[in-house]
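Engineer: Same order as they appear, the protein sequences are chains G and H.
Numbered according to the working numbering, the first sequence spans residues 3 to 375.
Numbered according to the working numbering, the second sequence spans residues 117 to 478.
All C-beta atoms, glycine included, are put in the ideal place defined by N, C-alpha and C.
One structure coming up, written as structure tokens, with questions to follow.
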Amino acid sequence: MKYLDEFSDPVLARRLFDEIRALTTQPWSLMEVCGGQTHSIIRHGIDQLLPDEIQLIHGPGCPVCVTPLETIDKALEIASRPEVVFCSFGDMLRVPGSGRDLFKVKSEGGDVRVVYSPLDALRIAQDNPDRQVVFFGIGFETTAPPNAMTVYQAKKLGIGNFSLLVSHVRVPPAIDAIMNSPDCRVQAFLAAGHVCTVMGTAEYPELAERHKVPIVVTGFEPLDILEGIRRAVRQLEAGRHVVENAYPRAVQPEGSPAARAMLADVFEVTDRAWRGIGMIPRSGWRLSPRYRDYDAEHRFSVTDIDTQESTVCRSGEVLQGLIKPHECAAFGKQCTPRNPLGATMVSSEGACAAYYLYRRLQVPTTQEASSVG
Amino acid sequence: MADTPGAGGSTYASADFSSWTCPAPLRDHERIIMGHGGGGALSAELVEHLFVPAFGNDVLSELGDSARLPASGERLAFSTDSFVVRPLFFPGGSIGDLAVNGTVNDLAMSGARPLFLSCGFILEEGVELAVVAKVAQAFGAAAHRAGVTVVTGDTKVVEAGHGDGVFINTAGIGRIPDGVDIHPGRARPGDVILVSGAIGVHGVAIMSVREGLEFGVEIESDTAPLGDLVAQLLAACPDVHVLRDPTRGGLATTLNEIAGASGVGVALREDALPVPDTVANACALLGLDPLYVANEGKLAAFVPPDHADACLAALRAHPLGKEAVAIGHCVPDHPGMVVSATGLGGTRVVDMPLGEQLPRIC
């Protein structure tokens, strides 16, 4: 299959594994920033086939995982209102808030709908002028432009019954926060290719220089990931720390000017809390004052949210690359995809879910873990 | 459930979960959620821990696609299924075809030759007669193709807003040939696992029309009656151990169910899985795994290793099985678990999905 098969060719993959093995003379720790990359690495068994010296650390790049509990509780509160049609991408429906999730709200009578595009939510608003339609706008620089475009369209078309519950986050401040942590083990980053497709690479050279860390823009298919690892290891072995683009078929240095212009028009940078990590300065977006009327938090005045985070879940440390999923005592015991304590277990892009789904044979399992399979 | 006021403003009392045979999983949900109908672990638990204990008997407890009944010197297979598909018409078929083929195939999966079918229509007030007629004609044509006779039926109408146009329930009876003993608990280490053709086609076809997604090429459902194909397979090898049609939940769920029922491990080869480009592309776009996407006209067969070549040849000799392939085998390791060799040479667990697969955000 064109565009997919050619990037998972086992012969070329073997060649790249060999090159990485030949390059590697000492232990190195690399962080793949994006949950999609984590999923691909575990799904294809790439981590099993790398030399033992290469340690892959799973980063915070899962939009579902890092959405704060308070925002999910706000979503649950808004979705429960009888006048609201609450629209979301599918994988947010299972994410636990404080005691329930959107599936439960739906089963209790809430009008919760899965959409494949925020523009679908806007169409629902047009078709239901007597209802309030809210779209749950979460994610990184990849999902922010279409959400911005939807708000722009709503304003342009004068659609007053549409609003956005915004929880958008930015990758570069997260990389900075990870490198500033005293416990940081990361020596190189595989930057998320699709984020750079939108934003370009201009934000990274300063980070690479200040933290003396190689940053390689990397795609998502097996050969993309292996090429990213090869280039990162080559830099580490040579003592270099620059930004390289190993995903040129999708990423231009300037990114997508149209998408960036849309972001700049509709959003403004703000401090944002990340679930499991905490507040990261200037790491998020909110609607700019021109579009404040389309802010669901503003429209529905959601207050008095009392969040209850699990006391045993260590997903914050997983998200920062400080521990592997199975090093959490709750992994596979109290915490499974059926009963997730943290979002890293519930989202298919979450590192804990990826380990549980694909790698249970290699990590310590429990009776519950094996019985589900 | 008792009809008395209960917690949470419900008019029903909470069920006494503690008395259930295996209460833990269903405690997670006090109400039915969509995942209970998704064909994955939640669906299985609803059946195993709620319905089976309530109805309990040995025939039902076998949990095959159809029940195997002793009846005056011959063995009958009996099965029922309900169809709530949306939209009612889709590329390659309709709810009428599915309602026939679904039950016919469930009978065939116990090795039975399907004979008779019942037909229960639940119609929503307001649905056009022309739509009902079109569904009924499709139902009749599918029954004719499958070689079954529709011998009894029922019609109910529910108020507008209480249905989805047309719901259909079918029940069917078939005859199991002598010497055939097919059920989910019969898989043994060494068994070769065959599938009769491309996987994921029906699920992607439905998604493309339900969600208005376009994948550049129209994908048609593979809905088809498998009675003839099974008869041809059994003629080559009466000792087929397990048959299953991997519908909701896809091939992954089917293999997990068989691994669990038989206590064997299933070892798959990812590079052997017959995933058409169209399905692979659509799944890549949506972040879905073809192993979990529904099929309607395919079967998985667990056959003894010394008969595997003959079984494969028999499947390939039939128009509905011409793309049949071997995708793996049963092993004594990791009992109850499905493990796949990845294309790159690693391994991964192929789990049973919890409920429905959900497209990824990015």
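One question on the structure: do tryptophan 276 (chain G) and valine 168 (chain G) come within less than 9 Å of each other, judged by their Cβ atoms?
Structural biologist: no
Engineer: With a CB to CB cut of under 6 Å and the five nearest residues on each side skipped, what residues in its chain are close to arginine 125 (chain G)?
Structural biologist: none
Engineer: Taking the alpha carbon of leucine 359 (chain H) as the point to measure from, which residue in H:Asn173, H:Val274, H:Pro420, H:Met150 has its own alpha carbon closest?
Structural biologist: H:Pro420
Engineer: Between which two residues does the beta strand (DSSP E) containing alanine 187 (chain H) stretch?
Structural biologist: 183-187
Engineer: Considering only the alpha carbon of each residue, which of H:Asp405, H:Leu310, H:Phe232 lies closest to arginine 432 (chain H)?
Structural biologist: H:Leu310
Engineer: Methionine 281 (chain G): buried (16+ other C-beta within 10 angstroms of its C-beta) or exposed?
Structural biologist: exposed
Engineer: Helix or strand or just coil, what does DSSP make of proline 392 (chain H)?
Structural biologist: coil
Engineer: Just checking my contact of valine 454 (chain H) with alanine 388 (chain H) at CB under 8 Å: how many whole Å lie between their CB atoms?
Structural biologist: Actually they are not in contact, since the Cβ atoms of valine 454 (chain H) and alanine 388 (chain H) sit about 14 Å apart, beyond 8 Å.
Engineer: Quick one: what's glutamate 347 (chain G) bridged to in DSSP?
Structural biologist: Note that residue 347 (chain G) is methionine in the sequence shown, not glutamate. According to DSSP, methionine 347 (chain G) bridges with nothing at all.
Engineer: Just grab the DSSP bridge partners of phenylalanine 222 (chain G) for me.
Structural biologist: Paired residues: none, contrary to the question.
Engineer: May I have the straight-line CA-CA distance separating arginine 143 (chain H) from asparagine 247 (chain G), to the nearest angstrom?
Structural biologist: Note that arginine 143 (chain H) scores 45 on pLDDT, short of 50, meaning its location in the model is unreliable and no value can be drawn from it.
Engineer: May I have the straight-line CA-CA distance separating phenylalanine 199 (chain H) from aspartate 181 (chain H), to the nearest angstrom?
Structural biologist: 15 Å
Engineer: Apply the 10 Å Cβ neighbour rule to isoleucine 315 (chain H) and answer buried if 16 or more other Cβ atoms are within range, or exposed otherwise.
Structural biologist: buried
Engineer: Is there contact here, the segment 125-136 of chain G with the segment 163-175 of chain H, by at least three beta-carbon pairs under 8 Å?
Structural biologist: no
Engineer: According to DSSP, what are the bridge partners of glycine 232 (chain H)?
Structural biologist: Glycine is not the amino acid found at residue 232 (chain H); the sequence shown has phenylalanine there. DSSP output for phenylalanine 232 (chain H) lists H:Thr265, H:Ile289 as bridge partner(s).
Engineer: Decide if arginine 172 (chain G) is buried, meaning its Cβ has at least 16 other Cβ atoms within 10 Å, or exposed.
Structural biologist: buried
Engineer: Where does isoleucine 74 (chain G) sit, in a helix, a strand or coil, going by DSSP?
Structural biologist: helix
Engineer: Is the beta carbon of threonine 309 (chain G) less than 9 Å from the beta carbon of leucine 71 (chain G)?
Structural biologist: yes
Engineer: For glutamate 439 (chain H), I'd like the list of residues in its chain whose CB is within less than 7 Å of its CB, leaving aside the five on either flank, ordered along the chain.
Structural biologist: Gly313, Ala314, Pro390
Engineer: Cβ atoms of glycine 202 (chain G) and glycine 141 (chain G): under 9 Å apart, would you say?
Structural biologist: no
Engineer: Using only alpha-carbon positions, find the residue among G:Glu21, G:Leu14, G:Leu265, G:Gln322 that is nearest to alanine 179 (chain G).
Structural biologist: Per the Cα distances, G:Gln322.
Engineer: What residues of chain G sit near histidine 450 (chain H), judged by a beta carbon separation below 7 Å?
Structural biologist: Ordered by position in chain G, the residues that pass the 7 Å Cβ test against histidine 450 (chain H) are Leu363.
Engineer: What does the alpha-carbon distance come out to for the pair cysteine 330 (chain G) and serine 317 (chain G)?
Structural biologist: 8 Å
Engineer: Flag aspartate 425 (chain H) as yes if its beta-carbon sits less than 9 Å from any beta-carbon of chain G, otherwise no.
Structural biologist: It does not: the Cβ of aspartate 425 (chain H) has no partner Cβ on chain G nearer than 9 Å.
Engineer: Of all the beta strand (DSSP E) runs that stay within the bounds of the segment 223-255 of chain G, which reach a length of 3 or more residues?
Structural biologist: 245-247
Engineer: Using only CA atoms, which one of H:Asp297, H:Asn285, H:Asn221, H:Gly462 lies nearest to glycine 269 (chain H)?
Structural biologist: The shortest C-alpha separation from glycine 269 (chain H) is found at H:Asn285.
Engineer: Which residue comes first and which comes last in the beta strand (DSSP E) that contains serine 195 (chain H)?
Structural biologist: It spans 190-199 - the beta strand (DSSP E) in which serine 195 (chain H) sits, taken as one unbroken run.
Engineer: If you measure between the beta carbons of leucine 509 (chain H) and valine 273 (chain H), is that distance less than 9 Å?
Structural biologist: Only positions 117 to 478 of chain H appear in the structure, and residue 509 (chain H) is not among them; the question remains open.
Engineer: Buried or exposed: serine 324 (chain H), going by 16 or more other Cβ atoms within 10 Å of its Cβ?
Structural biologist: Buried.
Engineer: Can you give the Cα-Cα distance for valine 117 (chain G) and cysteine 89 (chain G), rounded to whole angstroms?
Structural biologist: Their Cα atoms are separated by approximately 6 Å.
Engineer: For lysine 108 (chain G), name the three-state secondary structure that DSSP assigns.
Structural biologist: Of the three classes helix, strand and coil, the one that applies to lysine 108 (chain G) here is helix, per DSSP.
Engineer: What is the DSSP secondary structure of serine 210 (chain H), reduced to helix, strand or coil?
Structural biologist: strand
Engineer: Any Cβ of chain H within less than 9 Å of the Cβ of leucine 359 (chain G)?
Structural biologist: yes
Engineer: Using 9 Å as the limit for Cβ to Cβ distance, is glutamine 50 (chain G) near chain H?
Structural biologist: yes
Engineer: Give me whichever residues DSSP pairs with glutamine 253 (chain H) in a beta bridge.
Structural biologist: Bridge partners of glutamine 253 (chain H): none, in fact.
Engineer: According to a CB-to-CB cut-off of less than 8 Å, which residues of the segment 82-112 of chain G neighbour chain H?
Structural biologist: Phe91, Gly92, Asp93, Met94, Leu95, Arg96, Phe105, Lys106, Lys108, Ser109, Glu110
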